[in-house]
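What follows is a set of notes on a single structure, which appears directly below.
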Amino acid sequence: MFLKIHPGNVKNALSDEHKPRLRGFGLGRDGKVYLEYLPDNTDKRRIIAVLPGSTPVIYHECMSLSKEKPHSCWHMGAVSLALPGNPPLPITVNVERCQPAPVPIVKDLTESILGRPGDFELLELIEGDALAYVMPELSPEDAWLARYNLPVRILRKVLEFRERQKQVLSEEQSARVPEARYIPSGGEFVSAVAALVYGPGGSAWEAPLLIGPKGSGKSTMAEALAAVMMLPVNKIFGGIDLNAEALLGSRTLVPSEGIDIVTEARLRSACRAAGMDAEPLVQKLRGSQMRVGFEPGILLQAVERGEMVIVDEINMLIPEVTSLLHGLLDWQKTLPVPGYGVVKAPPSFRLVGCMNYGYAGTKPLNEAFQDRFRPVQVPHLGAEQLAWLIVRETGCKESVSRKLADLFSELAKGVANGDYSERVLSVRSLFRIAREEMDGCGTLKTVAVSVLTEGLGDKFEIDQVTDIIEACLRD
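Sequential numbering from 18 applies to the sequence shown in the working numbering.
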């Protein structure tokens, strides 16, 4: 949930009543800042944590968050004191309702905040390289990365990777690096990025396998991963018509760049003997010469260029194709190409898979194949996040976006219960409804009925979806 921390929360935290309860601030080995404190009317210590970023994430659990209208508390005001740069208040934070588990503390921050050393009992202060866990300064070009709240160590690896990419990408490749538009629902995005940078310099990377229902944003998340890694995207769509030849390429006839010297000399000699100009014949012969060459497919090109491959509906690939990917996904990172050779993927190459269970034509992945991936569950966006996304994409009123987000949540429940098919779950449809309502195509309700039901073929399903729309979009 998103809440605002106000000056009053900080003032309350530093009051004579609460300041003595602040026992210590520490920089955790995971990049979070932890505050150990004594809650009101108890001597049992507790912990609250904050992950800095453009929208800081606070990990906390207290009575203020359990009320009908959750609000920020003095504990949150206290932990905000550890945010770098003393951001002006009020400040919006994303609150995760949980009691954070203690982690080793590599640096005591209490002296700089409260003017005294920390008094830790639940948190263990250890010797460590504190600099490795301090959030690095982001350049204006990379500032948007802060929105994803990547742990410090992962962010440092990403920045090193991006710096290398900036040196080698051509203008054409830079144009194919997508924009990051994904909004995380939890820790799924961090998990996927972490897999892409395993090992020193990302040398032991693993391919994330994004698993989630329709409308959860798997493809958008995959493109956001490419944006974070600054990699051009090549998309492959699973299906029975996708074979090895389409991915790897095949032998073909290509124009030759010239004729051999002996043939050209003989032709010129014969022309001189006949009193003819040899040049037109030589030029014509050069253009008509053909040779056997190799035309690379989309996968081979992406591997050789060190780009990203996104495989949509990977559980619809035929075994002939999945076997090709085995070598790219193990420690060797190689691609055997018949008639061409074994291609070693450059260090920048990455692959991301996407899949949804239950689609027509899908099948379980081979165990050895799936084991090469880091599986990541991609959930639907929460209503609040989805409402914000609709406003961002369409510019509609917040009241409209909230109604559409609630409608999507109700439809998702019906799909989960098996009441109707996943065809009704489309975030793009929500954008269409908002845009058409803004353009005066009808009321929000009539436009929603039109957009969401006119593509359905089952009368019973149409009636059910219409009933949900009627209930959610009452005037």
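Built from N, CA and C at the ideal position, the CB exists for glycine as well.
For residue i, count the other beta carbons within 10 Å of its own beta carbon; 16 or more makes it buried, fewer makes it exposed. Which is it?
i, result
"residue 114", "exposed"
"residue 270", "Because residue 270 sits at a pLDDT of 48, beneath the cut-off of 50, its placement in the model cannot be relied upon, and the point is left open."
"residue 3", "The requested residue 3 does not occur in the structure, where the chain is confined to residues 18 to 492."
"residue 53", "buried"
"residue 16", "Here the chain comprises residues numbered 18 to 492, so residue 16 is not present and cannot be evaluated."
"residue 249", "buried"
"residue 168", "buried"
"residue 529", "This structure cannot settle anything about residue 529, because the visible part of the chain is limited to 18 through 492."
"residue 464", "buried"
"residue 283", "exposed"
"residue 278", "exposed"
"residue 374", "exposed"
What residues match up with residue i in a beta bridge as DSSP calls it?
i, result
"residue 109", "21"
"residue 77", "114"
"residue 353", "359"
"residue 125", "43"
"residue 327", "252 and 369"
"residue 393", "227"
"residue 313", "266"
"residue 52", "42 and 65"
"residue 142", "122"
Using a Cβ-Cβ cut-off of 8 Å (strictly less than) and excluding sequence neighbours within five positions of residue i, which residues of its own chain qualify?
i, result
"residue 259", "253, 334, 335 and 338"
"residue 264", "253, 314, 315, 316, 317, 338 and 341"
"residue 393", "205, 208, 209, 212, 225, 226, 227 and 228"
"residue 483", "466 and 470"
"residue 36", "30 and 131"
"residue 415", "404 and 408"
Can you tell which of the options has its C-alpha closest to the C-alpha of residue i?
i, options, result
"residue 55", "136, 118, 84 and 195", "136"
"residue 366", "32, 416, 443 and 218", "218"
"residue 485", "95, 455 and 429", "429"
"residue 76", "66, 155 and 20", "66"
"residue 34", "58, 50, 21 and 44", "58"
"residue 235", "262, 249 and 198", "198"
"residue 431", "455, 86, 184 and 479", "479"
"residue 139", "153, 121 and 293", "121"
"residue 170", "46, 261, 50 and 343", "46"
"residue 19", "44, 112, 27 and 32", "112"
Might you give, ordered along the chain, the residues of its own chain that have their beta carbon closer than 7 Å to the beta carbon of residue i, omitting 5 neighbours on each side?
i, result
"residue 406", "200 and 398"
"residue 128", "134"
"residue 363", "323"
"residue 22", "89, 93, 94, 97, 106, 107, 108 and 110"
"residue 427", "485 and 489"
"residue 446", "468 and 469"
"residue 78", "114, 115 and 116"
"residue 244", "194, 195, 196 and 197"
"residue 422", "400, 403, 404 and 407"
"residue 395", "205, 227, 228, 229, 233, 234, 235 and 238"
CB-CB under 6 Å to residue i, same chain, minus the five flanking residues each way: which ones, in chain order?
i, result
"residue 81", "88 and 90"
"residue 221", "215"
"residue 38", "54 and 55"
"residue 41", "53, 127, 135, 136 and 137"
"residue 418", "404, 407 and 408"
"residue 389", "346"
"residue 444", "232"
"residue 25", "none"
"residue 49", "66 and 68"
"residue 433", "none"
Should the stretch 462-472 be called in touch with the stretch 434-448, which here means at least 3 C-beta pairs below 8 Å? yes
| request: Decide yes or no for the touch test of the stretch 156-176 against the stretch 71-79: beta carbon pairs closer than 8 Å, at least 3 of them. | output: yes
| task | Examine the Cβ distances between the stretch 185-202 and the stretch 343-360 and report whether three or more of them are shorter than 8 Å. | result | no
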